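Q:
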Amino acid sequence: MNRPVRARVVRVPRLGASLLGVLGVGVLGVGVLGVGVLGVGVLGASPIGLPLLGIAGSRPAGAAEASATADPTIDELLDAADDIQRGQRSHAVVRMHVKTANYERTMKMESWAEGTDKTLIRILEPPKDAGVATLKVDDNIWNYLPKVDRTMKVPAGMMGESWMGSHFTNDDLVKESRMSEDYDGVIVGRPEDGGRWVIELTPKPDAPVVWGKVVVTMTPDRIPTTIEYFDEKGALVRTLIFDDVQEVEGRRVPMRMRLQPADKPDDVTEIQYETLDFDVEIPPNTFSLQALRR
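Per our numbering, the very first residue in the sequence shown carries number 14; after that it's consecutive.
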C-alpha cells in the first residue's frame, strides 16, 4: 500500500485567535477543560460551512476548473460549498487557537474521520490536556478524560455549550445540514460582477436550522471564502472565513478557517491544518468507546 501523501502547510503568523466546520469543523464558553461537560467537544465533517477536522477536500482541481466555465445552478454551487470538506476517510493534525477577552489558548489535535458520521479526535498538546479525546458517531458525542479515567456522553441539554472553549458549539459539530436541501438560494453576485459568487440563502419552512439568513461567498472555481450567518431579525451573528487554499492529492482545500462572532470583534477561533491525508486506511474499531479510551 502506498504511503498517503502528506499535505504541506505554509505556517502563517497567528492572528491571536482562532473555528469549529471541521475538525469544524465548531462554541463558546470558558477556555478550560473544566467547564460545560468539562469543556470538551468533538470535531467532524459538519453543517453548512462548519466542516471541522473531518474534512476531505473539494473536487479534483481539474474538474473544478473545467466546470467553472459553465454557468452553475444554485444547487451546484451549494453542493460545492457543502462538499469542499467532506469525504470518505481522512486523517489530520491541526492546531486550534482561541482568543477571547478573558483567555487565549492553543491546542494541537489529531483526528480520524469516516464519512460525515464518524470522527475521533485526540488532544496532543498542551501536555496537561494530552489524551483527552472525543468520539462522534451519528448525532452522539462522547468525551474521555484520562486524568479521571472517565467517559461521558454529552447530554442533549449541553449541545449548545462551547466546544473546547472555542466559538463553536457541540451542536455545530453533529448537525449534518446540507444547504441545497435546507435553504432556498438566490445568486446576488457573479464572478463577472465582482470576482466572486455570492449566494443569499433563506431557510425552507420546515428546515431544522436556526439561521434567518446565510450569505455564502465563493471563488469562481467554487471554493468558499466566507460564510455569514444572520439571525431571524437580519442581524449578523458570526462569520466563517476560509483561506490558505492548497492543492492536496488533487483537491483544492482551505487549510485555515477562522470563526468570528459579530458582537465580539476581538474574539476569534482559528483552525490551521498541519497535515492532511485522504483515503487512509482506518481500522473498523477506531470509532468505538474502547478506542476512545486508548
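Beta carbons are placed, not taken as given, at the ideal position from N, Cα and C, and that holds for glycine. These numbers were taken from a predicted model, which means no experiment stands behind them.
Under 8 Å, with one C-beta from each stretch per pair, do the segment 251-260 and the segment 273-286 reach the 3-pair mark?
A: Short answer: they touch.
Q: Across the segment 166-175 and the segment 191-198, are there enough close Cβ pairs to call them in contact, namely three or more that are closer than 8 Å?
A: Counting Cβ pairs under 8 Å, fewer than three are found: no touch.
Q: From what residue to what residue does the beta strand (DSSP E) around residue 202 run?
A: Here residue 202 is taken as the residue at index 189 of the sequence shown, counted from 1. Note, residue 202: beta strand (DSSP E), 196-202.
Q: Expressed to the nearest angstrom, what Euclidean distance is found between the alpha-carbon atoms of residue 245 and residue 239?
A: The residue labelled residue 245 in the question sits at position 232 within the sequence shown. The residue labelled residue 239 in the question sits at position 226 within the sequence shown. Rounded to the nearest angstrom, the two C-alpha atoms are 20 Å apart.
Q: With distance defined between alpha-carbon atoms, name the residue in 230, 222, 220, 111 nearest to residue 204.
A: Counting from one through the sequence shown, the residue named residue 204 turns up at place 191. The candidate whose alpha carbon is nearest that of residue 204 is 230.
Q: Just verifying my parser: in three-state terms, what is the DSSP assignment at residue 193?
A: In the sequence shown, the residue the question calls residue 193 occupies position 180. It is helical.
Q: On the criterion of 16 or more Cβ atoms from any shown chain inside 10 Å, does residue 280 qualify as buried, or is it exposed?
A: What you label residue 280 is simply residue 267 of the sequence shown in a count that begins at 1. Flag for residue 280 reads buried.
Q: For residue 307 and residue 119, what's the separation of their Cα atoms in angstroms?
A: Along the sequence shown, one-based indexing puts residue 307 at 294. Along the sequence shown, one-based indexing puts residue 119 at 106. One C-alpha to the other measures close to 23 Å.
Q: Looking at chain D, is there any beta carbon in it that lies within less than 8 Å of the beta carbon of residue 130?
A: As a matter of chain content, chain D is missing from the structure shown, which is built from one protein chain.
Q: Find out if the Cβ-Cβ distance for the pair residue 254, residue 268 is shorter than 8 Å.
A: By one-based count along the sequence shown, residue 254 stands at place 241. By one-based count along the sequence shown, residue 268 stands at place 255. Taking 8 Å as the Cβ cut-off, residue 254 and residue 268 do not qualify as a contacting pair.
Q: Roughly how far, in whole angstroms, is the beta-carbon of residue 198 from the beta-carbon of residue 225, given that I think they are within contact range, below 8 Å?
A: On the sequence shown, position 185 is the one that residue 198 refers to. On the sequence shown, position 212 is the one that residue 225 refers to. Not confirmed; about 14 Å, so no contact.
Q: Since residue 286 sits in a beta bridge, which residues does DSSP pair it with?
A: Here residue 286 refers to the residue found at position 273 when the sequence shown is read from its first residue. Answer is 107.
Q: Less than 7 Å separating the Cβ of residue 210 from some heavy atom of the ligand GTP?
A: This structure lacks the ligand GTP; in fact it carries no ligand of any kind.
Q: Using the Cα positions of residue 165 and residue 154, report the straight-line distance between them to the nearest angstrom.
A: Translated into positions along the sequence shown, residue 165 becomes position 152. Translated into positions along the sequence shown, residue 154 becomes position 141. Answer to the nearest angstrom: the Cα atoms are 9 Å apart.
Q: Are the Cβ atoms of residue 210 and residue 305 separated by less than 8 Å?
A: The count along the sequence shown starts at 1 and reaches residue 210 at position 197. The count along the sequence shown starts at 1 and reaches residue 305 at position 292. Their beta carbons are not under 8 Å apart, which means residue 210 does not touch residue 305 by this criterion.
Q: Apart from the five residues on each side of it in sequence, which residues of its chain come closer than 8 Å, Cβ to Cβ, to residue 218?
A: As a first step, residue 218 must be located in the sequence shown, where it is residue number 205. Counting only Cβ-Cβ distances below 8 Å, and skipping sequence neighbours, we find nothing.
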